[in-house]
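Data first, discussion second: the structure below is written as structure tokens.
2 protein chains.
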Amino acid sequence: MPLSVSPLAPKSFPPMPEIAGVRFATAAAGIKYQNRTDVLLVVFDPGTNVAGVLTSSKCPSAAVDWCRTHLPGGVARALVVNSGNANAFTGLRGKTSVEKTAALAAAAVGCAPSEVLLSSTGVIGEPLDADKFEGVLADCASRLLAGPWLDAARAIMTTDTYPKLATAALAMDGAPISVVGIAKGSGMIAPDMATMLSYVFTDMPVAAPVLKSVLADKVRTSFNAMTVDSDTSTSDTLLLFATGAAAKAGVAPLASVDDPRYPAFAAAVGKVLLDLALQVVRDGEGATKFVTVTVTGAVSDDSAMRVARAIANSPLVKTAIAGEDANWGRVVMAVGKAGEPADRDLLAIRFGDVLVAEKGERVPGYSEEAASAVMKSDEIALAADLGLGAGTAIVYTCDLTHGYIDINGSYRS
Amino acid sequence: MPLSVSPLAPKSFPPMPEIAGVRFATAAAGIKYQNRTDVLLVVFDPGTNVAGVLTSSKCPSAAVDWCRTHLPGGVARALVVNSGNANAFTGLRGKTSVEKTAALAAAAVGCAPSEVLLSSTGVIGEPLDADKFEGVLADCASRLLAGPWLDAARAIMTTDTYPKLATAALAMDGAPISVVGIAKGSGMIAPDMATMLSYVFTDMPVAAPVLKSVLADKVRTSFNAMTVDSDTSTSDTLLLFATGAAAKAGVAPLASVDDPRYPAFAAAVGKVLLDLALQVVRDGEGATKFVTVTVTGAVSDDSAMRVARAIANSPLVKTAIAGEDANWGRVVMAVGKAGEPADRDLLAIRFGDVLVAEKGERVPGYSEEAASAVMKSDEIALAADLGLGAGTAIVYTCDLTHGYIDINGSYRS
């Protein structure tokens, strides 16, 4: 079943720069899909550091287990990603499969298996036959190029209707530094650690512990601030690679979060993470509206985040948005069910610029027409102020439509 | 938009007995709906005791606030329920409205306003004009009858496609005792205290604190064990009334939970609560499949309940069921995201009688045909055994279909 491109897809992507120290190739291994690439091999120059965040699922995929074992080493020479099969809930065969895949990649690249990171995405519970990678990875290793990134982003798609790419540039010690990221995901999206799959690359020399800090600082407001359907994947993986190639241009290593250059670097990575996260939301299965839920006035930022998630995950709020119904009563309901401190009589709700309710009731002179006009847009801002404290949070989501039912009721991704 | 009757509706109801001490009447007050009743007045003989459970929402309706204030008294002479307007998030006007409604009912019945209990269900945020009850309640009070219960159940419906009624009978001290309950609800259903609205009546003489214990004992496995869409209403109310009329037949008052007759009485009420709860699930908005989710082997019953809810509330599980897809990988995902102790490699999953996965992978000889055959039924049992402990829970739910989107994307109930 070919899916038509999301109406919320970005109209274009900026040019994606090459990242010195990163080369890749893709292949069609026939894992599940016909007539498309489904394997990505990325090879890193020696000296590349890595950090990552992985799903909090208690039923993680075999590839997530592999990454959790090897990420603490902080070094990476290769990354293998396949689409079409998640290699999740595949028992001992899943473990054997990732070991064999890592060994094949290590042999093709000339590194230790522990320096290979792995991800798989697609159907859960189907054994993944690592023999499919036999030859394929060696062939990829013979064709490595520094671009185009679009090919890399395409090879990791499942129900995605468009590839996801983002970039940021900054100057460090007088030299240009680039950050490039790719991601995939459009269903089973309510990450509590990262999205389905996302990989971010930079030529900045950065120590692995600092990379870890950057992710810890920036994931909360990007990948962890989005939800398509409240369902957390078994395979969520976000990896941040720093090749250090810019050291040759005189860029000093970023070895500590106290380095005065840290905020600028973290901000550049954060920009790429948020850009990718929003692209994932915009490709939410069946999405026709992009929704920003802002909660202010909560007792803490964490409390604000839980209220924002309750609104963003409510099927009744999401279906009302799909129907362009300014049904703010459902927002009240969602605030009320969140289980967080809230006082009905202090609550204010806005749809776009239209204040619809405050102090526990509809505003005087409420205009259904004005609120309905906001709902016609394909970008909708919902805001709830709880009036209790200074806690704030923003969550990004999409509407719940017939398209979601079509995709998930009849299609095993 | 008239909704067609749920395909999961009960084929018939048993005869509903009259409850001595309970009389009621319905009326069409024109609150929102045309050509149907929307007000129910129930009048109780003096001596009637009551207990209730109310929504845990932080944004409760004005009627819920009223009940929370007056339920501790434990006595009831009247109940007024309207459909079409929830009188929720209506500020001071909502409070004034319930006070006036209680005063009108008290005058019509001849009791104190504090002996009147109130519920409202329907659209949130619209002020409810209590003037609509002027005359209507006095007229109802002049036409009180002990039946038919079907009329009472019909007057409180909103998006319900059929009325919900249940009954149980038992013998106490040689005399027959009856329990009758009615309920409404089909969306915004994930009660954490009670359903949208449910009222249960008995002629057994029972002290109010004992009624409270009965509800505490039986709500967890009935109304709190169901979910349609994970959205908790602002108006959830469950009230249990005991008229005590059977005392005239020689039935001794049930004054303590240590009374040896308590378990039999609680069981009869529990049977009615579960029956009503399942009728609500079977009328879940857009439902085409009735699903029982059983979790065993959890570290505790509470943990099992949270895992069962994660499965039952997962949009991906619910859409797969709608599509008759035996997508047990999504059950693995839901177990994994629940945040409860779970070990992938001990997990076993059954669809109906078909064991599909155990010990962290698909079973040898797995038959997709056998699993798919289970999904064709309109009653589906999903079971997950976590293999960790003795905790168990059952949650009842329905599938997520185009019908849900139709109802909630284009219809303000």
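Protein chains in written order, with the working numbering: chain S, 10 to 422; chain Z, 10 to 422.
Glycine included, every Cβ here is placed at the ideal spot set by N, Cα and C.
- The beta carbon of M384 (chain Z) sits closer than 6 Å to those of E333 and A335, all from its chain and outside the five residues before and after it, given in chain order.
- By the rule that beta-carbons nearer than 7 Å mark a contact, T78 (chain Z) does not touch chain S.
- The beta carbon of K346 (chain S) sits closer than 7 Å to some beta carbon of chain Z.
- Ranked by Cα distance from T110 (chain Z), the first of Z:A72, Z:A85, Z:T78 and Z:L80 is Z:A72.
- For F274 (chain S), the uninterrupted alpha helix (DSSP H) segment begins and ends at Y271 to R291.
- Per DSSP, E333 (chain Z) lies in no beta strand (DSSP E) and is assigned neither H nor E.
- Relative to the Cα of Y413 (chain S), the nearest Cα in the group S:T168, S:A319, S:F360 and S:L80 belongs to S:T168.
- Contact residues of the region 376-410 of chain Z toward chain S are D408, L409 and T410 (C-beta to C-beta distance below 9 Å).
- A Cβ-Cβ contact shorter than 7 Å links V404 (chain Z) with V302 (chain Z).
- Residue contact with chain S for C68 (chain Z): present (Cβ-Cβ distance below 7 Å to some residue of chain S).
- Pairing V340 (chain S) with L397 (chain S) gives a Cβ-Cβ distance that is not under 7 Å.
- Scanning its chain for C-beta atoms nearer than 7 Å, with the 5 sequence neighbours on each side dropped, one finds around V118 (chain S) the residues V52, R86, A87 and A150, in chain order.
- Residue range V31 to A36 is occupied by the beta strand (DSSP E) that includes V31 (chain S).
- The Cβ neighbour count for D292 (chain Z), taken over all protein chains shown within 10 Å, is at least 16; the residue is labelled buried.
- A residue is called buried once 16 or more other Cβ atoms fall within 10 Å of its Cβ, and V14 (chain S), having fewer, is exposed.
- With fewer than 16 other CB atoms across the displayed protein chains lying within 10 angstroms of its CB, T78 (chain S) is exposed.
- DSSP, reduced to helix, strand and coil, places Y413 (chain S) within a helical segment of the structure shown.
- Between M213 (chain Z) and A175 (chain Z), the C-beta spacing is not below 7 Å.
- Between the C-alpha atoms of S128 (chain Z) and P24 (chain S) there is a straight-line separation of about 60 Å.
- Every unbroken stretch of the beta strand (DSSP E) spanning 3 or more residues and falling wholly within the region 345-384 of chain Z is given here in chain order: 357-360 and 363-367.
- Within the same chain, A87, V89, V125 and L146 come within 6 Å of A114 (chain S) by CB-CB distance, once the 5 residues on both sides are set aside.
- For I320 (chain Z), the enclosing alpha helix (DSSP H) begins and ends at D310 to N322.
- Around the CB of R152 (chain S), fewer than 16 other CB atoms lie within 10 Å, so the residue is classed as exposed.
- G332 (chain Z) has a beta carbon lying within less than 7 Å of a beta carbon in chain S.
- Runs of the alpha helix (DSSP H) spanning 4 or more residues and lying entirely within the region 128-199 of chain Z occur at 145-150 and 158-164, in chain order.
- Taking C-beta atoms as the reference points, D47 (chain S) and S92 (chain S) count as a pair closer than 7 Å.
- Residue environment for S195 (chain S): buried (at least 16 other C-beta atoms within 10 angstroms of its C-beta).
- The criterion of a C-beta distance shorter than 7 Å is not satisfied by V62 (chain S) and T252 (chain S).
- Contact of F98 (chain Z) with chain S is assigned, a C-beta pair being separated by under 7 Å.
- In this structure, V215 (chain S) lies away from G190 (chain S), with their beta-carbon atoms at least 7 Å apart.
- Neighbours of W75 (chain Z) across chain S, judged by C-beta separation under 7 Å, do not exist; the nearest C-beta is about 14 Å away.
- In this structure, G345 (chain Z) sits near K67 (chain S), with a CB-CB distance shorter than 7 Å.
- Contacts with chain S (Cβ-Cβ distance below 8 Å) from the region 287-304 of chain Z involve no residue at all.
- Using beta-carbon distances, D311 (chain Z) does not count as an interface residue toward chain S, since no partner is under 7 Å.
- Sixteen is the threshold: since fewer than 16 other Cβ atoms of the shown chains lie within 10 Å of the Cβ of L159 (chain S), the residue is exposed.
- Nearest to S386 (chain Z) by C-alpha distance, out of Z:A177, Z:D408 and Z:G279, is Z:D408.
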